[in-house]
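In our numbering, the protein residues as written are 3 to 261. Positions of the beta carbon are idealized from the N, C-alpha and C atoms, including for glycine.
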Ligand SMILES: Nc1ncnc2c1ncn2[C@@H]1O[C@H](COP(=O)(O)OP(=O)(O)OP(=O)(O)O)[C@@H](O)[C@H]1O
Ligand SMILES: [Mg+2]
């Protein structure tokens, strides 16, 4: 793929298969086999034939209703989910902060999770030690919490620490799914400032957010996803405007109706 691209998404489709059986027991399986029944499954086409090139240094906002496929797309770019069809090519080191999917190990302390995260990002022991100081300082958890198991954290504390880890791993590509929604007002402001700084450093950043002002403020391009498809791509103001009209009126813009 061309050198100036960070991510290339080619005709990507992702389908989930959901098993509707109450329990996946041997008894159920034998009963089904004896009755010659198929396992009852439902498929959800979360992403449908999506094609998109994301150049290095772009800050891309992704908007769309609940269930539109945004998180699924992010998980696929992060390599947590594999495509059902098509492919995703990534050029650079990725750091992720996803609402679902990989997170911290709840039984380990915040400090140990930072070390694990660092090792996973391929940092040396020395680099990790330096980063740990930066990360704990930025997260500013209440006294002593950094050495307690993450399962004892409040969701805001969890969010603070995961945001600090994600932005401090100096990735080439940063994936943020609803990352700015964690934390209280003070932390929100601080994390927004950090995001702005990262955006200026010409990193490639993908931001999924329902806070549309964040998208128009930080991003240089936006896409609107709807039922697994990319309905619009362009200037964030324009895309957000189209999406808001859709939310208010409940119908698709006339030029997009045949999608
Ligand atoms: N693990 C899963 N197994 C089965 N179906 C799933 C799974 N994760 C998501 N889905 C389905 O895939 C579709 C897309 O979900 P996704 O989480 O990507 O949406 P989203 O755009 O991130 O929504 P939100 O704004 O609510 O976060 C939905 O219909 C959802 O029910
Ligand atoms: Mg989501």
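Point to revise | Spatially closest choice to residue 194 from 140, 232, 39, by CA coordinates | key: For residue 194, the nearest C-alpha among the options comes from 140.
Check your understanding: Got a sec, what are the start and stop residues for the alpha helix (DSSP H) residue 155 sits in?
Key -> No alpha helix (DSSP H) contains residue 155, which DSSP labels as neither H nor E.
Check your understanding: Between the beta-carbon of residue 65 and the beta-carbon of residue 16, is there less than 8 Å?
Key -> No, the pair does not count as a contact, with Cβ atoms beyond the cut-off.
Review point. Would you say the beta carbon of residue 48 comes nearer than 7 Å to a heavy atom of ligand 1?
Key: Residue 48 Cβ: within cutoff of ligand 1.
**Study point:** Where residue 263 falls: helix, strand or coil (DSSP)
**Key:** Residue 263 lies beyond the residue range present for the chain, which begins at 3 and ends at 261; the question has no answer from this structure.
Exercise for review: Please confirm whether residue 44 and residue 20 have their CB atoms less than 8 Å apart.
Suggested key: In this structure, residue 20 lies closer than 8 Å to residue 44 by Cβ.
Check your understanding: Exposed or buried, what is residue 32 when buried is set at 16 or more other beta-carbons lying within 10 Å of its beta-carbon?
Key -> Label assigned to residue 32: exposed.
Practice item. Please state whether DSSP places residue 25 in a helix, a strand or coil. Key: Residue state, collapsed to three classes: coil.
Practice item. Could you pull the start and end residues of the beta strand (DSSP E) that residue 2 belongs to? Key: With the chain covering only 3 through 261, there is no way to say anything about residue 2.
Check your understanding: Just to confirm, does residue 155 get its C-beta within under 7 Å of one of the non-hydrogen atoms of ligand 4?
Key -> Judged by which ligands are present, ligand 4 is missing from the structure shown, whose ligands are ligand 1 and ligand 2.
Review point. How do the segment 61 to 78 and the segment 216 to 231 stand: do at least 3 beta-carbon pairs fall below 8 Å, yes or no?
Key: The segment 61 to 78, when compared against the segment 216 to 231, does touch it at the 8 Å Cβ threshold.
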